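Everything on this sheet refers to the single structure shown next.
Numbering (the working numbering), first residue to last: 85 to 453.
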């Protein structure tokens, strides 16, 4: 109960922060770009994307519409479990736009930003540096360069670049977030928290900022602040599934098993196609000693990964291993052998790092069955 009171109090305090966009173009009320900018300021990323698309359809050469659309897609990609593909969409948009005007610095800057978000840091850094040679004050290009360097382990350079970007106030949101990421990578978590809270002052409605705020708090062992951050997301987005999974994981960390089961059960109800929710739910059942329920949930986790064609090397091994352990504890030899053989088949792929080995005659107690 004390945790809930502290979290609730923190949420009320955080609601007191003001929010504003780093840059909102001056447009007429009937212009979709204006509607997109206002939606972004209010944290409505779906409307931002829709209206920015309309603006770009009207004028494919509108750099402001392209930049806002790509930013909204990238921020939305981090907001919940089912939006990761938005990063690829943003990159496709900036790639197409850049092909139309390859020398345009604004297009090159947003393309670099989309590249680093899509996991292509080398290309992002190269393009950002080409922009900065001609425009040293281009804040977005510098943010892209900082994030790109940070993602390959050059954290000191990333911090220096993000701090330079912060000198351009129109990109305060992006630069402060980049500073926070750099400080976290350097293990300076309180400074990371301070920076992400400054980013929140620019726009208090973006879920990604609270997910990152929670992460930095957890790195300091501050579970109360992490809880408050996840509840803040639910305040602005009551349907958010990812925050519920994080609350399940946090409850598990605190050994609040019943709460963990409740949160993860809610995740699997709201997102039955998300294997991560079934894994966490199965893990909680396993830790509680409910091995039948654990086996069922983990079987759903492993099945979903196969049906969704998750690359073998990226599959969550524990969905097979804990499922097998549950079956072994219950003496369910057919299920154990089937699960073990499925894992052995996957293990033939060189990308699988985990090991799970029984004697040649098979699992103990199941030989000959």
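Ideal Cβ positions, reconstructed from N, Cα and C, are used throughout, including at glycine. Computed from a predicted structure; not experimentally measured.
To the nearest angstrom, report how far apart residue i and residue j are at their CA atoms.
i           : j           : result
residue 255 : residue 415 : 60 Å
residue 144 : residue 115 : 14 Å
residue 106 : residue 434 : Unreliable placement is indicated for residue 106, whose pLDDT of 40 sits below 50; the coordinate value is still reported in the next sentence. Going by the C-alpha atoms only, they are around 47 Å apart.
residue 427 : residue 205 : 34 Å
residue 140 : residue 117 : 8 Å
residue 148 : residue 120 : 11 Å
residue 448 : residue 349 : 33 Å
residue 242 : residue 418 : 53 Å
residue 345 : residue 382 : 14 Å
residue 314 : residue 342 : 18 Å
residue 192 : residue 207 : 11 Å
residue 387 : residue 332 : 22 Å
residue 112 : residue 130 : Because the pLDDT of residue 112 is 45, which lies under 50, any placement of that residue in the model is unreliable, and the number read from its coordinates should be weighed accordingly. Going from the Cα of residue 112 to the Cα of residue 130 covers about 21 Å.
residue 368 : residue 413 : 16 Å
residue 138 : residue 329 : 34 Å
residue 109 : residue 146 : Note that residue 109 has pLDDT 42, beneath the 50 cutoff, so the model's placement of it is unreliable and no number is given.
residue 296 : residue 441 : 38 Å
residue 221 : residue 246 : 12 Å
residue 261 : residue 292 : 10 Å
residue 185 : residue 194 : 13 Å
residue 135 : residue 189 : 24 Å
residue 244 : residue 373 : 50 Å
residue 183 : residue 153 : 17 Å
residue 203 : residue 360 : 21 Å
residue 352 : residue 319 : 20 Å
residue 321 : residue 312 : 14 Å
residue 432 : residue 142 : 52 Å
Do residue j and residue i come within 8 Å of each other at the CB atom, strictly closer than that value?
i           : j           : result
residue 170 : residue 158 : yes
residue 365 : residue 127 : no
residue 265 : residue 294 : no
residue 259 : residue 237 : no
residue 123 : residue 150 : no
residue 212 : residue 228 : yes
residue 384 : residue 430 : no
residue 133 : residue 155 : no
residue 363 : residue 403 : yes
residue 287 : residue 125 : yes
Helix, strand or coil: which one does DSSP assign to residue i?
i           : result
residue 163 : coil
residue 475 : Only positions 85 to 453 of the chain appear in this structure, which leaves residue 475 out of reach.
residue 255 : helix
residue 440 : coil
residue 179 : helix
residue 338 : coil
residue 417 : helix
residue 407 : helix
residue 276 : helix
residue 155 : helix
residue 128 : coil
residue 135 : helix
residue 141 : helix
residue 310 : helix
residue 401 : coil
residue 223 : helix
residue 261 : helix
residue 205 : helix
residue 238 : coil
residue 287 : coil
residue 396 : helix
residue 324 : coil
residue 445 : coil
When the Cα of residue i is compared with those of the options, which residue comes out closest?
i           : options               : result
residue 370 : 250, 406 and 296      : 406
residue 235 : 250, 366, 267 and 223 : 267
residue 401 : 123, 389 and 412      : 389
residue 439 : 210, 445, 314 and 397 : 397
residue 233 : 209, 249 and 279      : 209
residue 239 : 251, 271 and 211      : 271
residue 444 : 297, 425 and 432      : 425
residue 301 : 279, 273, 138 and 368 : 273
residue 263 : 251, 252, 253 and 276 : 276
residue 230 : 408, 249 and 297      : 249
residue 411 : 420, 436 and 292      : 420
residue 252 : 436, 225 and 422      : 225
residue 408 : 194, 361, 279 and 450 : 450
residue 257 : 279, 244 and 321      : 279
residue 394 : 422, 436 and 423      : 436
residue 299 : 319, 269, 321 and 320 : 269
Is residue i close to chain D? Criterion is C-beta to C-beta, closer than 8 Å.
i           : result
residue 186 : Here there is only one protein chain, and chain D is not present.
Original post:
Does the count of Cβ pairs from the region 319 to 327 and the region 160 to 170 closer than 8 Å reach three?
Top reply: Yes: at least three Cβ pairs fall under 8 Å.
**OP:** Could you tell me whether the region 282 to 293 touches the region 301 to 309, where touching means 3 or more Cβ pairs closer than 8 Å?
**Re:** Counting C-beta pairs with one atom in each stretch, the region 282 to 293 and the region 301 to 309 have fewer than three that are closer than 8 Å, which means they do not touch.
Original post:
Can you find at least 3 beta carbon pairs, one from the region 174 to 183 and one from the region 213 to 220, that sit closer than 8 Å?
Top reply: Judged by Cβ distances under 8 Å, the region 174 to 183 makes no contact with the region 213 to 220, as fewer than three pairs qualify.
Original post:
Is the region 330 to 337 touching the region 373 to 389, taking contact as three or more C-beta pairs under 8 Å?
Top reply: No: the two stretches stay apart, fewer than three of their Cβ pairs being nearer than 8 Å.
Original post:
Do three or more CB pairs link the region 194 to 206 to the region 351 to 371 at distances below 8 Å?
Top reply: Contact between the region 194 to 206 and the region 351 to 371 is absent, because fewer than three Cβ pairs lie under 8 Å.
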